[in-house]
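In the working numbering, the protein residues as written are 20 to 148.
Worksheet for the structure shown next.
Here you go:
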């Protein structure tokens, strides 16, 4: 199970770094031209591809067993880390309160992102061999 936790941390770090970079580009360059929903819709395929590749790398690098429970742990821990990091960015960098951050989940762009994050959490299970 230790390997699954290490893999979750590596998976999270890799995808969070990519997401932070792409999110900055999305917010500053794409969103003013397409609107928030359009910008998220353009970013999601890239983030899902990065997530898929990072998941495979973390599974191999940390030799996560091809059983349901370690893969589930990896996906859920990575998702929890991602959601906590997203909350931190929203409150610390964007200056929102926790309530304001949670209210964002009622908007289409953030809901679309959440759907992608759920896929991100399932990737370790999908990659069972």
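We put the beta carbon where it would ideally sit given N, CA and C, even for glycine.
query                                                                                                                                              : result
What did DSSP end up calling residue 113 once you bin it into helix, strand or coil?                                                               : coil
Going straight from the alpha carbon of residue 80 to that of residue 133, what length do you get?                                                 : 27 Å
Should residue 30 go down as buried or exposed, given a rule of 16 or more other Cβ atoms within 10 Å for buried?                                  : buried
Beta-carbon within less than 6 Å of residue 97's beta-carbon, same chain only, minus the 5 sequence neighbours each way: which residues are those? : 27, 30 and 31
Pop quiz: residue 61 and residue 53 are said to be a contact at Cβ under 8 Å. What is the actual Cβ separation, rounded to whole angstroms?        : 7 Å
DSSP state of residue 69, grouped into three classes?                                                                                              : helix
Taking the alpha-carbon positions, what's the residue 25 to residue 126 distance?                                                                  : 33 Å
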